[in-house]
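Taken in order, these protein sequences are the chains called H and G.
Take the first sequence: its position 2, counted from the start at 1, is 1 in numbering that gives the first Met the number 0, and no numbers get skipped.
Take the second sequence: its position 139, counted from the start at 1, is 138 in numbering that gives the first Met the number 0, and no numbers get skipped.
C-beta atoms are modelled at their ideal positions from N, C-alpha and C, and glycine is treated no differently.
The structure appears right after this line, and notes come after that.
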Amino acid sequence: MTEHDEKSRLLDERLSKLPAEIPPGRDLWPEIAARIDAGRRRAHRPSRGASWWRPVLAAASVAVVAVLATNLRRGDESPQPETVPAGPASPVAATFGPGHELGGGYLAARAGLTDDLERRLEALPPETRETVLENLATIRRATAEINAALGEDPANVLLQHQLLAAYQDELSVLANLQRVTGRLPMRNEL
Amino acid sequence: MRVSADPRRSDRRSGDTVAFERLYREHAGRIHALCLRMTGSRAAAEDCVQETFVRAWQNLDGFEGRSAFGTWLHRIAVNCVLGWQRAESRRPSGHLAIVDPDRPDPWGADPQTPDTGFDLDLERAIATLPEGARNVLVLHTIGGYSHEETAAVLGIAVGTCKAQLHRARRLLEARLQ
């Protein structure tokens, strides 16, 4: 038997002795039962049915990217911009559900992208700007809904992942907006 | 003698969680072992165990008893872990850092972890394997899946599965020297 065979045999022996069961360090049942219970309560609440934000978020992201891309192709044909209401474009506070803070890197990137957001939006044609604002508002409504759901069910990994995806969608929209408007003349440059 | 709970006696519609709790007690150890070894994180493993049982409850109507309940549950757990791994891989480093203080060593000192019957050196070495190699080792060698089953669950080719297992073993042998 070669040295390698011997090593391999020893490894097999050790692997075969690993326990098939390792109990969790704490009893997870109370949290599971609470989540089951919360799920049942949500199921009986007709106004807040299944996770409406998932398809809406996906559609919003696609719509925003498509609108921005169309706008970029139009170039100089775009009509003159109009004033934009400040409300929906204003950045909202970002958290990652109760008990979690967003990383500093994310917050810095987001702050950089939302800086001068109003001015960038003004550079867009009115219909494009309206669509972008509607979609940003949709993403932020979804974010608020998921955050609220996390308030009821803080340990829900799926909700945490959905919240993460929503923040990333928002970041992509803002990054695309910055990229596209960076190639368009700003209002004060016209 | 342990009496197995019948999953079909957990009536989801009437909200009877008593029988389901018995199923949790019976299977939690095996599901947690799988999640802990595949995620390499105690906190993530606990999240995945919870998610597994919540999903199992939600889909209990779909369990037809053609396979053992443990096998069905195991499959759900693997999907939960794979979902967690995908989410982790998409997370930009430094952007959305969720504090996970026990990530460096899920097998670190814990008064609730039994100190007997554990090959901690081996468990730690498994936790440091690259994700692909670790998944195959945990499912095939420890979990008892065939190469075909492992490849199907992970969505990889059988040849890739064998190569990943070879890689895992080679790395373990080197790290355990």
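Nearest chain H C-beta to L35/G closer than 7 Å, yes or no?
Here residue 35/G refers to the residue found at position 36 when the second sequence is read from its first residue. With 7 Å as the cut-off, L35/G counts as an interface residue toward chain H.
Report yes or no: is there a C-beta of chain H within less than 7 Å of the C-beta of E87/G?
Residue 87/G sits at position 88 when you count from the first residue of the second sequence. At a cut-off of 7 Å, the C-beta of E87/G has no neighbouring C-beta in chain H.
L128/G by DSSP, collapsed to three states: which one?
Residue mapping note: residue 128/G aligns to position 129 of the second sequence, counting from 1. Looking at L128/G - three-state DSSP - the assignment turns out to be coil, as it is neither helix nor strand.
Rounding to the nearest angstrom, what Cα-Cα distance links E20/G and W28/H in this structure?
For the purposes of this step, residue 20/G is identified with residue 21 of the second sequence, where counting begins at 1. For the purposes of this step, residue 28/H is identified with residue 29 of the first sequence, where counting begins at 1. Straight through space, the alpha carbons of W28/H and E20/G are spaced by roughly 7 Å.
At a CB-CB cut-off below 7 Å, which residues of chain G make contact with E229/H?
Examination of residue 229/H is not possible in this model, given that chain H is present from 0 through 189 alone.
Got a sec? Which residues, its chain only, sit under 7 Å from H146/G by beta carbon, not counting five neighbours each side?
Taking the second sequence and counting its residues from 1, the one referred to as residue 146/G is at position 147. Here the set comprises H139, V157, C160, K161.
Pair within 7 Å by beta-carbon distance, A27/G and H160/H
The sequence position of residue 27/G within the second sequence is 28, counting from 1. The sequence position of residue 160/H within the first sequence is 161, counting from 1. Pairing A27/G with H160/H gives a Cβ-Cβ distance that is not under 7 Å.
Among A122/H, E151/H, V131/H, E2/H, which has the Cα closest to the Cα of T180/H?
Looking up residue 180/H in the first sequence gives position 181. For the residues A122/H, E151/H, V131/H, E2/H, the minimum Cα distance to T180/H belongs to A122/H.
Which two residues bound the contiguous alpha helix (DSSP H) that contains Q84/G?
For the purposes of this step, residue 84/G is taken as residue 85 along the second sequence, with counting starting at 1. Residue range 68 to 89 is occupied by the alpha helix (DSSP H) that includes Q84/G.
Extract the residue ranges of the alpha helix (DSSP H) inside the stretch 153 to 177 of chain H, only unbroken runs of 4 or more that lie entirely within it.
Secondary structure within the stretch 153 to 177 of chain H: not one fully enclosed alpha helix (DSSP H) run of 4 or more consecutive residues is present.
On the CB-based measure, 16 or more other CB atoms within 10 Å of its CB, does H31/G come out buried or exposed?
In the second sequence, counting from the first residue as 1, residue 31/G sits at position 32. With 16 or more Cβ atoms within 10 Å of its Cβ, H31/G is classed as buried.
Any C-beta of chain G within less than 9 Å: which residues of the stretch 142 to 153 of chain H qualify?
Going along the stretch 142 to 153 of chain H in chain order, one finds no residue with a Cβ nearer than 9 Å to chain G.
Is the Cβ of V80/G closer than 7 Å to any Cβ of chain H?
Residue mapping note: residue 80/G aligns to position 81 of the second sequence, counting from 1. Proximity of V80/G to chain H, defined by a Cβ-Cβ separation below 7 Å, is not satisfied.
When the Cα atoms are used, what is the spatial distance from E2/H to E50/G?
By one-based count along the first sequence, residue 2/H stands at place 3. By one-based count along the second sequence, residue 50/G stands at place 51. Distance from the CA of E2/H to the CA of E50/G, rounded to the nearest whole angstrom, comes to 44 Å.
Quick one: is V17/G buried, meaning 16 or more other Cβ sit within 10 Å of its Cβ, or exposed?
Locating residue 17/G in the second sequence gives position 18, where the first residue counts as 1. With fewer than 16 other CB atoms across the displayed protein chains lying within 10 angstroms of its CB, V17/G is exposed.
Whole-angstrom distance between E172/G and E169/H, CA atom to CA atom:
As a first step, residue 169/H must be located in the first sequence, where it is residue number 170. As a first step, residue 172/G must be located in the second sequence, where it is residue number 173. Going by C-alpha positions, E169/H is about 45 Å away from E172/G.
What did DSSP end up calling G187/G once you bin it into helix, strand or coil?
The displayed coordinates of chain G run from 0 to 176. Any statement about residue 187/G would go beyond what the structure contains.
Partner residues on chain G for V156/H, Cβ-Cβ distance less than 9 Å
Within the first sequence, the letter at position 157 stands for residue 156/H. In chain order: A43, D46, C47, Q49, E50, C79, G82, W83, A86.
Give me the chain H residues within the contact set of V17/G, using Cβ-Cβ distance strictly less than 7 Å, ordered along the chain.
Locating residue 17/G in the second sequence gives position 18, where the first residue counts as 1. For V17/G, none of the residues of chain H pass the 7 Å Cβ criterion, the least Cβ distance being about 10 Å.
Counting only C-beta atoms, is R13/H closer than 7 Å to chain G at any point?
Indexing the first sequence from 1 puts residue 13/H at position 14. Output row for R13/H: interface = yes.
Can you pull out the residues from the stretch 53 to 64 of chain G whose beta carbon lies closer than 8 Å to at least one beta carbon of chain C?
Absent from the structure is chain C; the protein chains it does hold are H and G.
Any residues in the stretch 134 to 159 of chain G with a beta carbon nearer than 7 Å to a beta carbon of chain H? Which ones, in chain order?
Within the stretch 134 to 159 of chain G, T140, I141 place their CB atoms closer than 7 Å to a CB of chain H, listed in sequence order.
Which whole-angstrom value is the C-beta distance of L22/G and F62/G, which I expect to be below 8 Å?
Residue 22/G sits at position 23 when you count from the first residue of the second sequence. Residue 62/G sits at position 63 when you count from the first residue of the second sequence. Going by Cβ atoms, the distance from L22/G to F62/G rounds to 11 Å, so no, they are not a contact pair.
The alpha helix (DSSP H) enclosing D11/H, as first and last residue numbers:
Sequence index remark: in the first sequence, residue 11/H carries index 12 (1-based). From DSSP, the alpha helix (DSSP H) with D11/H extends over 2 to 15.
Of the residues L128/G, Q176/G, G142/G, which one's Cα is nearest the Cα of H165/G?
Position 166 of the second sequence holds residue 165/G. Nearest C-alpha to H165/G: L128/G.
Touch check for the stretch 45 to 60 of chain G and the stretch 23 to 39 of chain H: three-plus C-beta pairs under 8 Å?
Three or more beta-carbon pairs separated by less than 8 Å link the stretch 45 to 60 of chain G to the stretch 23 to 39 of chain H, which places the two stretches in contact.
Hey, does L164/G have any beta-carbon neighbour from chain H nearer than 7 Å?
The residue given as residue 164/G occupies position 165 in the second sequence. No, because no Cβ of chain H sits closer than 7 Å to the Cβ of L164/G.
Of all Cβ atoms in chain H, is any one closer than 7 Å to the Cβ of L72/G?
Residue numbering aside, residue 72/G sits at position 73 when the second sequence is read from its first letter. L72/G does not count as touching chain H.
R21/G versus chain H: which residues are under 7 Å apart at the beta carbon?
On the second sequence, residue 21/G is found 22 positions in, with the first residue counted as 1. What R21/G touches in chain H, judged by beta-carbon distance under 7 Å, is nothing: the nearest beta carbon there is about 10 Å away.
Using CA coordinates, which residue listed in R24/G, N78/G, L35/G, G64/G is at the minimum distance from R54/G?
The sequence position of residue 54/G within the second sequence is 55, counting from 1. Sorting R24/G, N78/G, L35/G, G64/G by C-alpha distance to the C-alpha of R54/G places N78/G at the top.
Classification of G186/G by the beta-carbon crowding that lies within 10 angstroms, buried from 16 upward:
The question about residue 186/G has no answer, for chain G in this structure spans 0 to 176.
Within 10 Å of its beta-carbon, does N146/H have 16 or more other beta-carbons around it, so buried, or fewer, so exposed?
Counting from one through the first sequence, the residue named residue 146/H turns up at place 147. Buried, because 16 or more other Cβ atoms sit within 10 Å of the Cβ of N146/H.
Going by DSSP in three states, F52/G sits in which element: helix, strand or coil?
Here residue 52/G is taken as the residue at index 53 of the second sequence, counted from 1. Helix at F52/G.
Spatial neighbours of I137/G in its chain, beta-carbon cut-off 8 Å, leaving aside the 5 residues before and after:
As a first step, residue 137/G must be located in the second sequence, where it is residue number 138. Note on residue identity: the sequence assigns Val, not Ile, to residue 137/G. Around V137/G: L33, R36, M37, I125.
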